[in-house]
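Since the structure comes first, as structure tokens, the remarks are kept for the end.
Residue numbers (the working numbering): 56 to 486.
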């Protein structure tokens with residue numbers, strides 16, 4: 056009788072533990088809210104799990120946010136300011152669908168999702184979107200306009216269907232919208248959106264060194280590096296049709312997208328921090344060039360990315376069109392394999408159109424590179440603009456390197472964005 060009673064107690068205890076564990080699993084990031092229970096999607100609060108994480112990270116509920124997109128991985132990250140004004144990731148989402156390939160949007164209809172630095176204001180929030188909820192990316196920005204790039208209504212929205220947008224699930228965009236709403240209510244006037252092709256590490260830059268967009272990527276990498284060093288959204292301006300980051304005016308003049316850059320300089324503390332960061336990057340980039348010597352990264356098409364996640368569409372409505380990541384569908388090939396693949400495609404294209412064949416010939420193979428990794432690194436090295444490469448490192452009184460300096464408070468994250476020609480109405484009112 057005693058043994059039976061003890062066994063019953065053990066069973067009851069096991070059931071109690073299992074129930075407790077089930078409750079814990081309900082709070083994991085993989086859990087999604089039942090949209091049928093949402094009465095007001097515009098005012099839907101963030102989940103309790105996210106609020107608890109914010110408290111643990113010392114992030115005020117209404118502190119500023121920043122959004123960072125990494126196309127190749129298919130990730131959208133929400134970064135939020137801690138009480139010390141440094142930003143940290145609070146939530147990372149898998150992008151359900153993005154169209155086109157790696158590279159910036161150039162013209163209307165090219166199906167490309169934007170890359171670069173964009174400013175989001177409360178007017179960019181669309182509570183009445185037919186894609187559940189939406190946030191306009193602000194494309195084209197000052198850089199895009201100065202370079203003749205065209206397109207409109209490029210969004211972060213729900214519904215998992217994209218023609219140039221970054222499309223999330225409805226559950227995901229419900230949270231992203233709430234992050235932005237709370238930050239604006241806390242006093243943030245402009246949220247920075249950083250859209251990159253990939254994490255701009257030395258290895259990824261070396262792997263994509265043959266891409267036709269490499270020069271553009273080197274330019275926006277300067278902004279990426281500024282953020283990595285300071286963990287604060289960089290102040291972004293445009294002059295001479297290029298991005299410049301965290302630059303202080305040293306004389307008369309203003310930043311004008313299509314005009315010559317005014318006299319400007321990088322804050323000394325930031326120069327020192329970036330110099331140290333770049334030295335580490337250069338070493339890693341040289342090693343990566345050797346690793347990928349004779350190798351070519353095959354960038355998949357949108358159709359190839361859709362093929363790797365075809366199973367996700369089963370049983371769903373036709374409008375639901377997820378895309379896999381470039382990392383899933385792409386692959387690293389030898390130069391001979393890549394050449395063979397391109398020759399087969401050129402032959403197939405020639406059978407349909409001779410002009411199309413000549414276009415493919417011009418872009419089929421990888422660009423030529425110097426014989427040594429050191430020479431290639433020198434050729435591909437990031438432009439430093441006005442940042443001196445010989446700036447001394449900041450040292451402590453004991454002769455040891457001091458902590459990475461942080462520049463003065465960034466007005467882009469905490470104050471109004473630079474004035475535009477005229478105040479614009481919320482974009483959805485024009486629909």
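Just so it is clear, CB atoms sit at the ideal spot from N, CA and C, and this is done for glycine as well.
Per the coordinates, the alpha-carbon of residue 104 lies some 17 Å from the alpha-carbon of residue 235. Close CB contacts of residue 163 within its chain, under the 8 Å cut and outside five residues either way in sequence, are with 205, 206 and 207 (chain order).
Relative to the Cα of residue 98, the nearest Cα in the group 198, 382 and 231 belongs to 231.
DSSP places residue 120 in the strand class (E or B) of the three-state scheme.
Inter-segment contact for the segment 244 to 263 and the segment 155 to 175 is present: three or more beta-carbon pairs are separated by less than 8 Å. Proximity of the segment 139 to 155 to the segment 269 to 280 falls short of the contact definition, fewer than three beta-carbon pairs being nearer than 8 Å. Between residue 402 and residue 408, the alpha-carbon positions lie close to 10 Å from each other. Here the C-alpha atom of residue 198 lies approximately 42 Å from the C-alpha atom of residue 370. Taking residue 130 as reference, the option from 254, 187 and 307 with the minimal CA-CA separation is 254.
Note that the C-beta distance between residue 296 and residue 191 is not below 7 Å. Under the Cβ criterion (8 Å, minimum of three pairs), the segment 321 to 340 counts as touching the segment 278 to 287. At a cut-off of 4 residues, the continuous stretches assigned as alpha helix (DSSP H) that sit fully inside the segment 246 to 333 are 257 to 262 and 269 to 285.
When DSSP states are grouped into helix, strand and coil, residue 345 belongs to the helix group. Of all C-beta pairs linking the segment 116 to 123 to the segment 134 to 144, three or more are shorter than 8 Å, placing the two stretches in contact. Residue 130 is bridged by DSSP to 125 and 149. Here the segment 206 to 223 lies against the segment 364 to 379, with 3 or more beta-carbon pairs under 8 Å apart.
Annotation for residue 351: 388, 390, 393 and 421 place their beta carbon closer than 6 Å to its own, counting only its chain and skipping 5 residues before and after. Counting along the chain, the unbroken beta strand (DSSP E) around residue 210 starts and ends at 210 to 212. Around the C-beta of residue 270, fewer than 16 other C-beta atoms lie within 10 Å, and the residue is accordingly described as exposed.
When the beta-carbon positions are compared, residue 357 and residue 385 stay at least 7 Å from each other. Taking residue 298 as the centre and dropping the five residues before and after it, the same chain places the C-beta of 171, 172, 198, 274, 275, 277, 278, 291 and 292 closer than 8 Å to its C-beta, in chain order. About 5 Å separates the CB atoms of residue 152 and residue 378; that is less than 8 Å, so the two are in contact. By the C-beta density criterion, residue 267 is exposed, having fewer than 16 other C-beta atoms within 10 angstroms.
By the beta-carbon neighbour count (other beta carbons within 10 angstroms, threshold 16), residue 100 is exposed.
Taking the Cα positions, residue 136 is about 13 Å away from residue 242. For the 7 Å CB-CB criterion, residue 175 and residue 228 do not form a contact. Take the alpha-carbon of residue 114 and the one of residue 346: they are about 40 Å apart.
Residue environment: residue 262 is assigned as buried (16 or more neighbouring CB atoms within 10 Å of its CB, all protein chains considered).
In the structure shown, residue 393 adopts helical secondary structure according to DSSP, grouped into three states. Of all alpha-carbon atoms in 383, 226, 335 and 341, the one lying nearest the alpha-carbon of residue 360 is that of 383.
In this structure residue 304 is in contact with residue 317, their Cβ atoms being roughly 6 Å apart against a cut-off of 8 Å.
Residue environment analysis places residue 139 among the exposed positions, since fewer than 16 neighbouring C-beta atoms fall within 10 angstroms of its C-beta.
Close CB contacts of residue 196 within its chain, under the 6 Å cut and outside five residues either way in sequence, are with 173 (chain order). Contact between residue 332 and residue 257 does not hold, since the beta-carbon distance rounds to 11 Å and is not under 8 Å.
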